[in-house]
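There are 2 protein chains.
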Amino acid sequence: MHYFRYRGNVLYCDSVRVKDIAEKAGTPVYIYSHRTLIEHYRKIKNAFASLRPLICFSMKSNSSLALCRALVKAGSGLDIVSGGELFKALKIGADPGKIVYASVGKTPDEISRAIKAGILFFNVESIPELCAIEKMCGRLKKRAKISLRVNPEVDAHTHHYITTGTQENKFGIDIDTVTKIFRQKDCYRHLDIVCLHVHIGSQITESGPFVKAVRKVSSLIRLLRSEGHKIDYLNIGGGMGIVYRKERPQTAADFAKAVAPLIKKLGVKLILEPGRFISGNSGILVAKVLYVKKSKSKNFIITDAAMNDLARPSLYGAYHEIVPVHRSSSSRARMKYDVVGPICESGDFLAKGRRLAAVKEGELLAVMGAGAYGFAMSSNYNARPRSAEVMAIGRNFYVTRKRETYADLVRGERIPGVLK
Amino acid sequence: MHYFRYRGNVLYCDSVRVKDIAEKAGTPVYIYSHRTLIEHYRKIKNAFASLRPLICFSMKSNSSLALCRALVKAGSGLDIVSGGELFKALKIGADPGKIVYASVGKTPDEISRAIKAGILFFNVESIPELCAIEKMCGRLKKRAKISLRVNPEVDAHTHHYITTGTQENKFGIDIDTVTKIFRQKDCYRHLDIVCLHVHIGSQITESGPFVKAVRKVSSLIRLLRSEGHKIDYLNIGGGMGIVYRKERPQTAADFAKAVAPLIKKLGVKLILEPGRFISGNSGILVAKVLYVKKSKSKNFIITDAAMNDLARPSLYGAYHEIVPVHRSSSSRARMKYDVVGPICESGDFLAKGRRLAAVKEGELLAVMGAGAYGFAMSSNYNARPRSAEVMAIGRNFYVTRKRETYADLVRGERIPGVLK
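Going line by line, the protein sequences match chains A and B. If you read the first sequence in our numbering, its first letter stands for residue 1, the second for the next number, and so on. If you read the second sequence in our numbering, its first letter stands for residue 1, the second for the next number, and so on.
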């Protein structure tokens, strides 16, 4: 569900013509639909309404200040993974009491900043990290609330790069060790360990693995409580899948129906960390066709967007729907294309073997579902300035990030005098 | 071959202790050896000395201003792939007469800038691009020299993302079409089409595919000359492999021995576009160990460098050797580790299942062979500021790029008033 829709043959974002945005902001450009964004946030909120959960939007999927600000204004908390995201969160006036901080590699400086900011929870991934937070709290004479990330050993059946709940990967703490930590929790004099966290991966389309993980954690909570430990919160992470192609992911309501009863029985405050579910279909990447090239065996559409703008097709083999910004009214023949960018490697593609209505140079194409892990992963590879970002709100649109210039590419660079 | 070597147990870059650099510039940090860089440039230059070729360093592998400046000062030309790289090339005072410009997706603005700068050659990838350059030359009332990139249909037997000389990929023009273009070259009134270009891929370790490609192009040149066309130049691209692990790539001398005789017979001016061969082993990425984490089935070293700093392991499954910056003199047990970064996805790793001498928190590790496609592909994923870059020259070292700050992460961002 999203508000990138045709009126006649013209693609709109909310009530703005995509073409108008591209003309004003240039291409390639990321365009976000405020309405889609907020509606997805509300879908989860409403689905779990009976539990009054804390919903922390996962900034790693998209840390655009404007986008995060819109969600915070709608009541969302934030799930951060770095000092940089903490900086951004505070910059947009987010309530630190609604910020949870995950990452297997928090540095002392990052830990210190997060303690000082007074965030709600550190999602802790290892005993050495627990010790590092304890030590920093001691030095700062502050307390911190801790959520232990449990590795439930549940396979989420998703891309192996985004599966996070199995023994084989770097995330979380096994159940035995979690138990041990609780039994020794008096050693951590500055820490309140009162939450468990479980996050099994990303782009998961069925509730089965979630239910399995929550069941495992529920048993653990019961065991810990029977030993007298206090567990007030349960954070079940994010990972809800969205539609890129023909996936039929569970709806938020289905998901809640499967999971909420388990949580209710536990009597814990629920925390959710949706990222892609909220931002994924809220954004598109609009590119201009530079050339149409026919080789002996293939047709190529060469656009001005490339793998530096959107890494997902190269990195994960991800599928993104591609549609024209202006549909032809005549019935143009459909042809099979590789849609590629200008970058000098074969891994630079947006789509392979895609059937599209015949395309001409200068036309605009929209790469759908680019709101999550789109701009967030973009780079300057091939010395390409990063694209602009625009948000449509109702009938208006706003450039929320200026396109980078060539001067931006060399910011901070210096040539030693001996080389001059 | 490189000048990152131990003296006793201490790793040096040229004559500077790597540890001293890391202390001054922080971690993660890219460190380049000026001596390694220049020696690799000279290796190719010397190997082909009898042909007096134009060597154009491929900036896409590393467009650090200091690094490119060092090569330009040593006499190198530049191979660029974008307007951004042209901007950088001009910024360091490169001679436009030694710049060749490849890319399947040159925009009108980029073409215009390159014509105005007076670059040596456009490496042209398609007929539509040829038309675009012709048109722009007409508008600017200028001429341009053209090299046609021939797709020789030779498989370089390398990673499919960096194979570029087969029918299946977006690069180059098939031989029949090249012939046709020459026969119609009078249509392109502003263009001097006097060079052929062939580039079959990257990290190729044997001369066989190169020889095959050059043979094919040689036949084509003979055919074209027999029809009265002038071919003064041949650009055989880059793609020479380097040692990451146990590869035994051809030396520059071996390569020249196999290829030079073929070129000599043709009587053309040779252009070479080495990138990785020059920059690859000239750089390392130094990271600090944040945590050592033991899970049930694995040991993890969590460093402060991640896939946003070095994408190659995630993107290509690339192998990079990892060594301690300070070797332990005691014989520490060797253990098997996954070396990973702080980024919240399983795809974030630098090495998997690597046997290393037992590592402690706070120690420094060097990721070798990170000079090519290292910083060039780095991003701000997970809101991580990009690392600093440093070059050692003899006994001194210079910060050639400042580490990004949190403020850099939000540069150019704006929050619309309605969201405040």
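Glycine included, each C-beta is placed from N, C-alpha and C at the ideal position. In this text, all values refer to a predicted model and were calculated from it rather than measured experimentally.
> Between A:Ser282 and the rest of its own chain, which residues show a CB-CB distance below 6 Å, the 5 nearest in sequence each way excluded?
Replying inline: Tyr32, Ser33, Thr36, Leu37, Gly371
> Since A:Gly237 contacts A:Glu273 with CB under 8 Å, what's their CB separation in whole angstroms?
Replying inline: 5 Å
>> Nearest by alpha-carbon distance to B:Ser50: which of B:Tyr406, B:Gly280, B:Ala256, B:Val359 is it?
In response: B:Ala256
>> Within 8 Å, do at least three Cβ pairs link the region 284-292 of chain B to the region 121-136 of chain A?
In response: yes
> Along the chain, which unbroken stretches of the beta strand (DSSP E) at least 3 residues long are found entirely within the region 355-386 of chain B?
Replying inline: 364-367
>> Quick check on the DSSP output: the beta strand (DSSP E) that includes B:Asn235 runs from which residue to which?
In response: 233-235
> Are A:Leu285 and A:Asn235 touching if we call contact CB-CB under 9 Å?
Replying inline: no
> Taking DSSP as the reference, what is the three-state secondary structure of A:Ile92?
Replying inline: coil
> Can you find a C-beta in chain B that's less than 9 Å from the C-beta of A:Glu389?
Replying inline: yes
> Three-state secondary structure (DSSP) at B:Gly201?
Replying inline: strand
> Does the region 96-115 of chain B come close enough to the region 401-415 of chain A to have 3 or more Cβ pairs within less than 8 Å?
Replying inline: no
> What separation, rounded to the nearest whole angstrom, lies between the Cα atoms of A:Lys212 and B:Ile302?
Replying inline: 28 Å
>> Can you tell me whether B:His157 is buried or exposed? The criterion is at least 16 other CB atoms within 10 Å of its CB, across all chains shown.
In response: exposed
> Where DSSP assigns a beta bridge to B:Leu270, which residues make up the other side?
Replying inline: B:Leu234
>> Restricting to Cα atoms, I'd like to know which of B:Arg411, B:Asp309, B:Lys360 is closest to B:Ala388.
In response: B:Asp309
> Any idea what DSSP makes of B:Leu130, helix, strand or coil?
Replying inline: helix
> Taking buried to mean at least 16 other C-beta atoms within 10 Å of its own C-beta, is B:Asn62 buried or exposed?
Replying inline: buried
> In or out: A:Arg411 buried (at least 16 other Cβ within 10 Å) or exposed?
Replying inline: exposed
> Taking Cβ positions, are A:Thr400 and B:Arg414 nearer each other than 9 Å?
Replying inline: yes
> Which residue's Cα is closest to the Cα of A:Pro342: B:Gly84, B:His197, B:Leu220?
Replying inline: B:Gly84
> Would you call the region 38-57 of chain B and the region 374-387 of chain B touching, i.e. three or more CB-CB distances under 8 Å?
Replying inline: no
> Along chain B, which residues have their Cβ under 9 Å away from the Cβ of A:His40?
Replying inline: What A:His40 touches in chain B: nothing, since even the nearest Cβ is about 17 Å away.
> Closer than 9 Å, CB to CB, is B:Leu315 near chain A or not?
Replying inline: yes
> Pick from B:Ile263, B:Lys230, B:Ile92: whose alpha carbon is nearest that of B:Lys216?
Replying inline: B:Ile263
>> Taking the straight line between their C-alpha atoms, what separation do you get for A:Ser103 and A:Met59?
In response: 12 Å
> Does the distance from the CB of A:Ile92 to the CB of A:Phe397 come in under 9 Å?
Replying inline: no
> Do you know how far the Cα of B:Lys265 is from the Cα of A:Ser329?
Replying inline: 57 Å
> At a CB-CB cut-off below 7 Å, which residues of chain A make contact with B:Lys180?
Replying inline: Per Cβ cutoff of 7 Å: no residues; B:Lys180 is ~13 Å from chain A at best.
> Does the beta carbon of B:Phe87 come closer than 9 Å to any beta carbon on chain A?
Replying inline: yes
>> Give me, in chain order, the residues of the same chain whose beta-carbon lies closer than 6 Å to that of A:Val81; leave out the 5 immediate sequence neighbours on both sides.
In response: Lys60, Ala102, Ser103
> Among the residues of its own chain, which have a CB less than 6 Å from the CB of B:Ala94, if the five just before and after it don't count?
Replying inline: Val72, Leu78
> In chain order, what residues of the same chain have a beta carbon less than 6 Å from the beta carbon of B:Ala25, not counting five sequence neighbours either side?
Replying inline: Ala388, Val390, Val399
> Residues of chain A with a CB under 7 Å from the CB of B:Thr164: which are they?
Replying inline: Ser346
>> Using a Cβ-Cβ cutoff of 9 Å, what residues of the region 226-247 of chain B are near chain A? List them in chain order.
In response: none
> What do you get for A:Lys170, buried or exposed, if any count of 16 or more other CB atoms within 10 angstroms of its CB means buried?
Replying inline: buried
>> Is B:Asp338 close to chain A? Criterion is C-beta to C-beta, closer than 9 Å.
In response: yes
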